[in-house]
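**Student:**
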Amino acid sequence: MDSNMLKITINGVASEVPNGTTILEAAKLLDIHIPTLCHHPKLSVFGGCRLCIVEVKGGKRPVISCATPVADGMEVKTSTPRIEEIRKTIIELILSDHPNDCMICEKAGDCTLQELAYFYGIRENRFAGERRTYDKKDNNPFIERDMEKCILCGKCVSICDEIQGVGAIDFSYRGFNAKVCPPFEKDLNCEFCGQCVSVCPTGALTGKMWSYKGRQKDVREVDTICPYCGCGCSLTLHVRQNKVIRVSSKENTINEGWLCPKGRFGYSFIDSPERLKTPLIKENGKFREATWDEALDLIASKLKKIRSKHGPDSIGGLSSARCTNEENYIFQKFIRAAIGTNNVDHCARY
Amino acid sequence: MAGLATVFGSGAMTNSIPEIENNDLIFVIGSNTTETHPIIGLRMKKAVRKGAKIIIADPRKIDLVRFSELWLQHKPGTDIELLNSIMHVILKEHLINKKFINEWTEEFDNFKKSLKDYTPEKAEKITGVPKNSIIKAARLYGKAERPAIYYTMGITQHAHGTNNVFAIANLALMTGNLGRESVGVNPLRGQNNVQGATDMGCIPNQYPGYQRVDSINIKEKFEAAWSAKLSDKPGLTATEMILAADRSILKAMYIIGENPAISDPDINHTVKALKKLDLLVVQDIFMTETAELADVVLPAACFAEKDGIFTNTERRLQRVKKAVIPPGNAKEDSSIIIELSRRMGYEMNYNSAEEILHETGSVWPAVAGITYSRLETGGLQWPCPTRDHPGTPYLFKGGFPRGKASFIPVHHSPSKELPDKEYPFILTTGRQLFQYHTGTMTRKVPELNQVAPSAYIEINPEDAKKLGIANNEILKVSSRRGVINIKALLSDKPSSGVVFIPFHYKEAAANILTNTELDPICKIPELKVCAVKIEKGKNR
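Protein chains in written order, with my numbering: chain A, 2 to 351; chain B, 312 to 851.
#1: Starting from the beta carbon of A/G318, find every residue of chain B whose beta carbon is closer than 8 Å, and list them in chain order.
#2: Short check: CB of B/I412 to CB of B/M485, under 9 Å?
#3: Out of curiosity, what's the CA-to-CA distance linking A/L297 and B/E658?
#4: Specify the secondary structure class of A/C348 as computed by DSSP and reduced to three states.
#5: If we count the other Cβ atoms within 10 Å of its Cβ and call it buried at 16 or more, is B/G507 buried or exposed?
#6: May I ask which residues mark the beginning and end of the beta strand (DSSP E) holding B/W382?
#7: Give the straight-line distance between the Cα atoms of B/G362 and B/E380, rounded to the nearest whole angstrom.
#8: Spatial neighbours of A/V220 within its chain, please: C-beta separation below 8 Å, excluding the five flanking residues on both sides.
#9: What residues are listed by DSSP as bridge partners for B/I620?
#10: Does the beta-carbon of B/V339 have 16 or more other beta-carbons within 10 angstroms, so that it is buried, or is it exposed?
#11: Cβ atoms of B/K386 and B/T438: under 9 Å apart, would you say?
#12: Residues in the same chain with beta-carbon distance under 6 Å from A/V345, minus the five sequence neighbours each way, listed in chain order, please.
#13: Quick one: grab the DSSP three-state call for B/F422.
#14: Under 8 Å Cβ-Cβ, which residues of chain A neighbour B/N497?
#15: Spatial neighbours of A/G231 within its chain, please: CB distance less than 7 Å, with the 5 preceding and 5 following residues excluded, ordered by chain position.
#16: Going by beta-carbon coordinates alone, are A/I1 and B/Q629 separated by less than 9 Å?
#17: CA-CA distance, B/T317 and B/R500?
#18: Can you tell me whether B/S444 is helix, strand or coil according to DSSP?
#19: For chain D, check one thing: does any of its Cβ atoms lie closer than 9 Å to the Cβ of B/L353?
#20: Below 8 Å CB to CB, which residues in the same chain sit around B/R653 once its five sequence neighbours on both sides are set aside?
#21: May I ask you to verify whether the stretch 737-756 of chain B touches the stretch 805-815 of chain B, counting CB pairs closer than 8 Å and requiring at least 3?
#22: Does the beta carbon of B/A679 sit closer than 9 Å to a beta carbon anywhere in chain A?
#23: Name the two residues that bound the continuous alpha helix (DSSP H) containing A/N329.
#24: For the alpha helix (DSSP H) that A/R241 lies in, which residues bound it at each end?
#25: From A/C182, A/N326 and A/W211, pick the residue whose C-alpha is nearest to that of B/D618; which is it?
#26: Tell me the DSSP secondary structure of B/N497 in three-state form.
#27: Can you tell me whether B/F711 is helix, strand or coil according to DSSP?
#28: Establish whether the CB of B/A316 and some CB of chain A are separated by less than 9 Å.
#29: Just how far apart, CA to CA, sit A/I1 and A/I35?
#30: Which of the three DSSP states, helix, strand or coil, is assigned to B/D830?
#31: When burial is assigned at 16 or more other CB atoms within 10 Å of the CB, is B/R851 buried or exposed?
#32: Return the CA-CA distance between A/N140 and A/R265, expressed in angstroms with no decimal places.
#33: Please report the straight-line C-alpha distance between B/L585 and B/A455, rounded to a whole angstrom.
#34: Closer than 7 Å between beta carbons: that is the criterion. Which residues of the stretch 19-35 of chain A meet it against chain B?
#35: When you compare the stretch 785-796 of chain B with the stretch 576-583 of chain B, are there three or more beta-carbon pairs, one atom per stretch, that lie closer than 8 Å?
#36: Which residues in the same chain as A/Y22 place their Cβ atom closer than 6 Å to its Cβ, once the five residues preceding and following it in sequence are excluded?
Right under this line is the structure:
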């Protein structure tokens with residue numbers, strides 16, 4: 002046996018994992034689900050939500066599986082009546098200070114907290130009492146920060162610091178008054194990458210431009226590639242009624258699910274009212290609308306005339322990095338084979 | 312791209328994005344990576360968390376400097392002096408890779424001689440970088456195990472841009488830092504499918520797959536494939552087309568999804584040239600500044616409205632998928648061109664976009680193994696010649712396509728327009744995070760414009776003090792080619808004597824000021840250095 006491998010039995014299923022693996026990771030390898038609100042595989046362990054508790058044979062108290070490394074021969078149970086009771090209590094405690102407005106929340110249907118409340122059947126709350134209220138509206142244009150829905154899982158704080166390297170937000174105050182905010186509780190003024198939004202497990206952080214455009218269950222997801230810089234990030238376009246209403250990105254992509262402000266929030270040009278919708282022909286210095294036949298016939302006849310008078314090298318074409326490979330291929334073939342010149346280039350030098 | 316292709320036989324990024332996090336040394340020169348390639352910037356930050364060190368050579372204190380071990384603030388246009396002096400130290404301190412040089416390169420002795428005079432002392436005078444920093448950079452790069460170089464337009468947009476690239480290639484060759492995982496030379500391509508457009512032959516001297524138009528064998532191959540008579544005369548580059556239009560040699564231009572009336576250097580001249588054409592057709596998604604000048608404007612579909620492939624900066628072909636239908640009568644670019652081609656008497660018949668991909672594979676073996684279904688799981692990096700080939704994450708494993716790579720000695724030459732009494736500042740241009748290129752797309756997004764609403768000129772507080780300029784004051788900035796009014800942004804990013812303007816904003820277009828001087832080899836304009844004067848303007 003490899004000395005670096007440790008034996009572990011989870012819910013009666015035996016396996017071996019490399020030294021250093023946590024119980025949570027070991028369970029994931031076995032496809033055993035353990036609920037959590039504050040854990041993210043690409044961020045440092047926070048251990049705040051306590052939902053991922055498990056029982057280890059021989060241990061007095063349950064341990065949090067996200068922060069407990071596997072020891073050789075460990076026997077773990079991820080679900081017992083005692084553990085489920087504790088988990089239910091944790092969810093109840095969180096919900097006792099959470100607005101009960103799932104009916105109008107952007108995140109409904111895609112919310113980890115709502116999902117957990119559903120599975121634990123929580124409707125009445127034993128702990129109802131004082132609630133945190135925040136009147137402050139963050140005036141940044143991208144990210145809605147509804148701090149009443151924040152459960153202090155810390156993922157946004159970690160991702161901003163550890164992945165983005167910006168550190169625009171952090172915990173401030175203590176105990177019941179603890180909250181996540183920018184320095185001096187000013188408006189958010191950061192790179193607006195929205196990485197924080199992508200990991201928020203509740204409706205505390207959402208895109209401002211997403212509001213009331215459609216719930217997740219109503220969208221069709223289309224995986225495509227970002228039209229901006231050369232990184233080639235994977236985008237998932239959320240489409241409802243022929244309109245892109247939201248953009249996200251999946252984790253197992255070249256960009257690891259991370260995006261920049263243009264990729265995540267810069268999509269509304271797609272259905273801008275200023276889009277060109279019909280061919281235009283200039284007459285006496287002014288554009289008039291034309292049919293495709295009119296426009297293409299005009300171009301073809303003028304190109305033929307110019308070619309016969311001045312030769313094919315009097316015509317040039319610029320293609321575009323915004324076009325697909327297929328379109329670029331077709332365009333240079335058109336210039337070379339249909340026009341008869343190598344005067345074809347694109348914006349590579351700018 | 313011509314530079315790297317000359318030396319190695321291939322002009323693309325040698326490595327892939329995931330490999331960045333395993334670099335132990337990252338040398339970024341002329342790339343404001345976190346703003347122009349934000350997600351590659353994240354991988355660099357990840358590498359730092361895993362122990363890598365970053366060297367940055369940039370005239371501006373870019374954000375990535377916060378994560379760097381060493382920042383070399385050289386004067387714009389002095390890259391060769393800086394790189395040659397780093398190589399001088401590497402040679403002197405025996406940090407070269409003799410085995411690699413013997414096996415894989417030629418012309419080393421000549422090159423070695425060419426470095427003789429590039430002492431760090433002399434370089435300090437020319438570049439403004441302290442000699443100890445140059446020595447430190449040489450040792451960091453020379454001793455690293457998995458170093459990679461990353462650059463963008465800060466290297467290439469110079470009248471000696473190709474020579475800058477040769478200098479970078481020399482540095483990698485002399486240290487043997489090529490042909491391994493996480494080790495190489497990486498030009499980061501600036502636009503989503505610039506790599507694909509180049510691969511597909513939208514360049515005047517090469518067919519798809521970098522096959523020369525002036526080679527008779529290649530011409531005959533494409534004539535057979537396309538059933539057409541083809542020209543063996545290399546065509547004009549974009550910049551040369553504008554010059555030819557101005558001289559009325561070029562009579563018609565067909566422009567798809569480009570906006571030279573903002574992105575060209577000296578755009579007053581570009582607009583004048585475009586107006587001289589007998590026919591200008593612009594096919595785009597918006598009424599751009601260039602489209603305004605057109606005789607016919609055709610409405611095209613945008614990325615979310617079509618199927619196909621984009622090839623990203625690391626040679627990865629990835630699927631673009633149609634999500635929504637185009638507005639009004641707008642059509643996909645390919646169907647417009649196919650329809651026009653038919654009217655010109657040349658039929659192209661394809662039943663699907665994928666058939667075009669397969670035709671590409673038949674004329675360029677490097678993508679012959681790629682199908683749409685194979686791209687469903689994360690894309691493939693060319694070369695990928697067969698259906699069972701896994702793609703190529705990094706290039707030159709076991710050698711260069713052209714056999715041995717050749718050292719090409721290069722020497723420092725000043726930029727074409729240097730500051731003088733009348734125009735005392737060096738202007739350099741570039742991008743910022745929230746806008747993209749000429750703003751055709753991003754400036755239609757209200758939220759982006761709320762955080763990045765207007766153009767600005769970054770000026771060092773010292774210079775501002777001398778001129779009595781306050782933050783946000785409107786300045787009149789002029790060069791020998793034109794004048795713009797623009798808001799001052801006092802910033803310690805540029806050094807004293809250097810100013811920076813992002814080129815996205817048409818109302819204060821940086822390219823009214825820039826110089827049209829071209830690199831003699833790849834015809835790239837010198838957008839990174841020109842001389843300007845700054846005066847207090849009228850406050851609006």
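Think of the CB as a built atom: it goes at the ideal place given N, C-alpha and C, for glycine as much as any other residue.
**Tutor:** This is what the structure gives:
#1: M564, Y565, I566 and I567
#2: yes
#3: 15 Å
#4: helix
#5: buried
#6: L381 to L383
#7: 11 Å
#8: H239, V240, R241, I246 and R247
#9: B/R630
#10: buried
#11: yes
#12: G318, Q333 and I336
#13: helix
#14: Those do not exist, as B/N497 stays about 11 Å from chain A at its closest Cβ, beyond 8 Å.
#15: none
#16: With chain A covering 2 to 351 only, the question about residue 1 of chain A has no answer from this structure.
#17: 18 Å
#18: helix
#19: Absence of chain D from the displayed structure is noted, the protein chains being A and B.
#20: M659
#21: yes
#22: no
#23: N326 to K334
#24: Run containing A/R241: none in the alpha helix (DSSP H); it sits in the beta strand (DSSP E), S235 to R241.
#25: A/N326
#26: strand
#27: strand
#28: no
#29: Residue 1 of chain A lies beyond the residue range present for chain A, which begins at 2 and ends at 351; the question has no answer from this structure.
#30: coil
#31: Its pLDDT being 46, under 50, B/R851 is placed unreliably in this model, and the coordinates cannot settle the point.
#32: 18 Å
#33: 50 Å
#34: none
#35: yes
#36: The sequence as given places Thr at residue 22 of chain A; Tyr does not occur at that position. Excluding residues within five positions, the ones whose Cβ falls inside 6 Å are V71.
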